[in-house]
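**Student:** Chains as they are written, first to last, in UniProt numbering: chain G, 1 to 305; chain U, 1 to 325. Even glycine gets a Cβ: it sits at the ideal position worked out from N, Cα and C. No experiment lies behind these values; they were computed from the predicted model shown.
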Amino acid sequence: MSTTNTLPANTASQGQERAHRMTHVPRRRLRWGRPIVHLIVVVFMIVWFTPVLGLFVGSFRTQSDSAATGWWHALIAPLFTGYNYQQALDVIGIGPSLATSLAITIPTTVLTTILSAIGAYALTRMAFIGRTVLSLLLVALLITPPQVTLVPMLKFFDFTGLNGTVPALWIYEVGFTIPFGIFLVRGFISSIPGELFESAHLDGASQLRTFISIVLPLSAPVLASLAIMQFLWAWNDLLSPLLFLGGSSVAQPLTVNVAGLVTATGGSQAQLMAATFISVLLPLIILITMQRFFVRGILGGSVKG
Amino acid sequence: MNAILSSAPALILIGAIAIPILVFAVLGTGEKIIEQLRPRSARKVRPWFWLLLPLALITLILIYPMIDTVVSAFRSSDGSAWVGLQNFAWAFAGSMLGVLGNNVIWLIVFPLGTLVLALIVAVLFDKVRYERFAMTLVVLPTAISFTAGSIIWRQVYDYKAAGSQTGLLNALWTLIPGNQPVPWLQTEVVNTLCLIIVAVWSSLGVAALILSAAVKNMPSELVEAARLDGANEWRIFFSVTLAHITPTLLVVATTEVIFALKIFDIVYVMTNGNFNTDTIANRMYFELFSARDLGHASAIAVILLIVAIPVVVVNIRQFRAEEGH
């Protein structure tokens, strides 16, 4: 996949860079044992895709069917219904949940991207005492287990009255990802030729002007990969909304709502499937359509914990 | 105010448009002031001004909590008095031992399983023409939250004492004559392994992508030379490929270790720690919310932090090595 990468990316990843170079070298394929290779690859494909297929098929089956037989029976005797989706939206309240998930995720994604770019620009293009120490500190913070931050943040949000509000989650998610974001973007910005900055300076462009008209457009690919990763993380996070939004009047985001359904509804397995499918639809679309950027982000920041 | 805070469109407008504009306005105003300074002082002030907001957030969300958690770990359940090492004594005794034991299983089986499978994917997918498509299928679960993934796999592990099995695993399992359906999630140790499988299913894509990039960037001369020397594919894999991608393997391994350490969602959704599947992170959530014991919760967090330190060291070394050349 990374072989489709055609941009001169240097997001702190030698792997990606070299993978790019390798695309032109013909690889000799295995002669003997080829059927075995195909067999193993196909087994991986089946095992990895079948659960997703099961969710999709299961979400369209009738309540009584899914209680009586496994989802694969629908492949032989298809009987499908949209009722589960209607129920999920009306009864379980997936609609408001979806709105909260978006209200958390979109601002978190935008703010993480902007602040990481600003931080990375300062860290790579400005010389100052403590720069190396700061870089090392960021690397160390990359692997902080989120659990370490929970008790104090809960106290802080209680103290400031932000507990149970969506902005609390913005602050938390953005702050938690910024070390990774800066780390990812700085590798990219440092690969922008210095002459570009010099000529901008000679033309009388201010730092902010340079940042907006040179740095941001040029690092758009890496910013896109950061945005995708933060979108997925924020959208899929369960622990932080569970803690910082729990018990408030705000509709719970999809992950919390769907996780709650597991224990709450004993019988309506089919509705749970529909709700779950709604919750994974947007991330799946984003991953599939923007796979190239997603891969770049992963390869650039392969030390994220 | 409350109306705004519960209206999703308003929140999105504020967070994704108003705040970014504000940030740029502040940067612009600050720059105007800095430009008035003498060049020497401007050079000194500017980086810190630009880093102000990112660093403030990092301090608030990561550094201050870390210090506070370490302090709380030595204080009583409501944080009112010092209790010395009492919380840590609790963390290494009684029911916590089983929890720690589960985490040890996670720490060994999860990284090992993910690495071995990711290596197979990275090396074998490289040899087929439909690699892109195959890889997409393996990467797909990355977009699926652990919550959703757990719900999907709960169905796979579904158990019925008799009759038509609704769970795929038991349906396949009972195809073998003589096999009785197994309550996968209620059988101790087996259930922890079942949870680990869900984690591997979720995380394999990322690990495989990273290793795949490392495999592809092997200089082809290396492989050709080995082939000319008469080495077979196994030999090439073990003496050339494996040696070449060891640094990458190390990076992936550290990521997986951290992941295993902080695993929460999968356990929370699939078993909620029942049937002896509890892990440290889940126990911490319980201590925080059900038991309301800040001391115990903080002690657990500190244990997580201490176990993570070797990984920090590895990462910093890796970083310095990369900066070096």
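Are the C-beta of L239 of chain G and some C-beta of chain U separated by less than 8 Å?
**Tutor:** Output row for L239 of chain G: interface = yes.
**Student:** Does the separation of the CB atoms of G70 of chain G and L168 of chain U fall below 8 Å?
**Tutor:** Cβ distance < 8 Å, so G70 of chain G and L168 of chain U count as in contact.
**Student:** Mind reading off the beta-carbon distance from E188 of chain U to N276 of chain U? Whole number of angstroms is fine, and I expect it under 8 Å.
**Tutor:** 5 Å between Cβ atoms; contact.
**Student:** By how many angstroms is the C-alpha of R38 of chain U removed from the C-alpha of A213 of chain U?
**Tutor:** C-alpha separation (whole angstroms): 48 Å.
**Student:** Using 8 Å as the limit for Cβ to Cβ distance, is Q155 of chain U near chain G?
**Tutor:** Answer yes: the Cβ-Cβ gap between Q155 of chain U and chain G drops below 8 Å somewhere.
**Student:** Anyone know if the C-beta pair for L89 of chain G and G82 of chain G falls short of 8 Å?
**Tutor:** No, the Cβ-Cβ distance between L89 of chain G and G82 of chain G is not below 8 Å.
**Student:** I want to verify the contact list: residues of chain U whose CB lies under 7 Å from the CB of H201 of chain G, in sequence order.
**Tutor:** Correct list: empty, because the minimum Cβ distance to chain U is about 12 Å.
**Student:** What does the alpha-carbon distance come out to for the pair W184 of chain U and V198 of chain U?
**Tutor:** The straight-line gap from Cα to Cα measures roughly 13 Å.
**Student:** Against I94 of chain G, what residues of chain U qualify as contacts under a CB-to-CB distance less than 7 Å, listed in chain order?
**Tutor:** None at all; the shortest Cβ gap to chain U is about 13 Å.
**Student:** Whose C-beta lies closer than 8 Å to the C-beta of P9 of chain U among residues of the same chain, with five residues either side of it excluded?
**Tutor:** For P9 of chain U, where only same-chain residues beyond five positions count, there are no Cβ hits under 8 Å.
**Student:** Given this structure, state the Cα-to-Cα distance separating R21 of chain G from K216 of chain U, to the nearest angstrom.
**Tutor:** Here R21 of chain G scores only 45 on pLDDT, less than 50, and its place in the model is too uncertain to base an answer on.
**Student:** How is F275 of chain U classed by DSSP in three states: helix, strand or coil?
**Tutor:** Three-state DSSP puts F275 of chain U in coil, outside helix and strand.
**Student:** According to DSSP, simplified to helix, strand and coil, what is R292 of chain U?
**Tutor:** DSSP places R292 of chain U in coil when its eight states are reduced to three.
**Student:** Please go through the same chain and pick out, in chain order, the residues whose beta-carbon is closer than 6 Å to the beta-carbon of L249 of chain U, but skip the five residues on each side of it.
**Tutor:** Same-chain partners within the cutoff: there are none.
**Student:** If you drop the 5 nearest sequence neighbours on each side, which residues of the same chain put their C-beta closer than 7 Å to that of V25 of chain G?
**Tutor:** Reliability of the predicted coordinates at V25 of chain G is poor, the pLDDT of 45 falling under 50, and the value obtained from them is presented with this limitation in mind. For V25 of chain G, where only same-chain residues beyond five positions count, there are no Cβ hits under 7 Å.
**Student:** Which residues in the same chain have their Cβ closer than 8 Å to the Cβ of R227 of chain U, if we skip the five residues on either side of it in sequence?
**Tutor:** Excluding sequence neighbours, R227 of chain U sits near I236.
**Student:** Drop a sphere of 10 angstroms on the beta-carbon of P51 of chain G, count the other beta-carbons inside from all chains shown, and report buried for 16 or more, exposed for fewer.
**Tutor:** Counting Cβ neighbours within 10 Å, P51 of chain G comes out buried, since at least 16 surround it.
**Student:** With distances taken Cα to Cα, identify the nearest neighbour of Q180 of chain U among U:L204, U:S164, U:A89.
**Tutor:** Measuring from the Cα of Q180 of chain U, the nearest candidate turns out to be U:S164.
**Student:** Determine the closest residue to R75 of chain U out of U:T142, U:C194, U:S298, U:E233, with distance taken between C-alpha atoms.
**Tutor:** Nearest C-alpha to R75 of chain U: U:S298.
**Student:** Under three-state DSSP, which class holds R125 of chain G?
**Tutor:** DSSP places R125 of chain G in helix when its eight states are reduced to three.
**Student:** Using a 10 Å radius around the Cβ and a threshold of 16 neighbouring Cβ atoms, would you call H201 of chain G buried or exposed?
**Tutor:** With fewer than 16 Cβ atoms within 10 Å of its Cβ, H201 of chain G is classed as exposed.
**Student:** Which residues in chain U sit within 7 Å of L55 of chain G, going by Cβ to Cβ distance?
**Tutor:** Ordered by position in chain U, the residues that pass the 7 Å Cβ test against L55 of chain G are I152.
**Student:** Output the boundary residues of the alpha helix (DSSP H) element that contains E198 of chain G.
**Tutor:** Residues 194 to 202.
**Student:** Sort out for me which residues DSSP pairs W82 of chain U with in a bridge.
**Tutor:** According to DSSP, W82 of chain U bridges with U:R75.
**Student:** Given a cut-off of 8 Å, decide if T109 of chain G and A234 of chain G are closer than it, judged by their beta-carbon atoms.
**Tutor:** Yes, they are a contact pair.
**Student:** Please list the terminal residues of the continuous alpha helix (DSSP H) segment that includes N163 of chain G.
**Tutor:** Here N163 of chain G belongs to no alpha helix (DSSP H), and DSSP marks it neither H nor E.
**Student:** Out of U:E233, U:V307, U:I144, which one is the CA nearest neighbour of residue 392 of chain U?
**Tutor:** What the structure shows of chain U is the stretch from 1 to 325, and residue 392 of chain U is not part of that stretch, so it cannot be assessed.
**Student:** Measure the C-alpha to C-alpha separation of S7 of chain U and P253 of chain G and round it to an integer number of angstroms.
**Tutor:** Going by the C-alpha atoms only, they are around 13 Å apart.
**Student:** Check whether the Cβ of A16 of chain U lies closer than 8 Å to any Cβ atom in chain G.
**Tutor:** Answer yes: the Cβ-Cβ gap between A16 of chain U and chain G drops below 8 Å somewhere.
**Student:** At a CB-CB cut-off below 7 Å, which residues of chain G make contact with residue 328 of chain U?
**Tutor:** Since the first residue of chain U shown is 1 and the last is 325, residue 328 of chain U is not available in this structure.
**Student:** Is it buried or exposed, I152 of chain U, if we count other Cβ atoms within 10 angstroms and call 16 or more buried?
**Tutor:** With 16 or more other Cβ atoms within 10 Å, it is buried.
**Student:** May I ask whether a heavy atom of the ligand NAD can be found less than 7 Å away from the beta carbon of T109 of chain G?
**Tutor:** Within the structure as shown, the ligand NAD is missing, as the structure has no ligands at all.
**Student:** Does the beta carbon of Y121 of chain G sit closer than 8 Å to a beta carbon anywhere in chain U?
**Tutor:** Yes, its Cβ sits closer than 8 Å to a Cβ of chain U.
**Student:** Got a sec: is the Cβ-Cβ distance from P20 of chain U to anything in chain G below 8 Å?
**Tutor:** Closer than 8 Å to some Cβ of chain G, the Cβ of P20 of chain U qualifies, so yes.
**Student:** Return yes when the Cβ of V23 of chain U is within less than 8 Å of the Cβ of I114 of chain G, no when it is not.
**Tutor:** Closer than 8 Å, so yes.
**Student:** Inspect the beta-carbon positions of V269 of chain U and V37 of chain G and report whether they are closer than 8 Å.
**Tutor:** No, they are not a contact pair.
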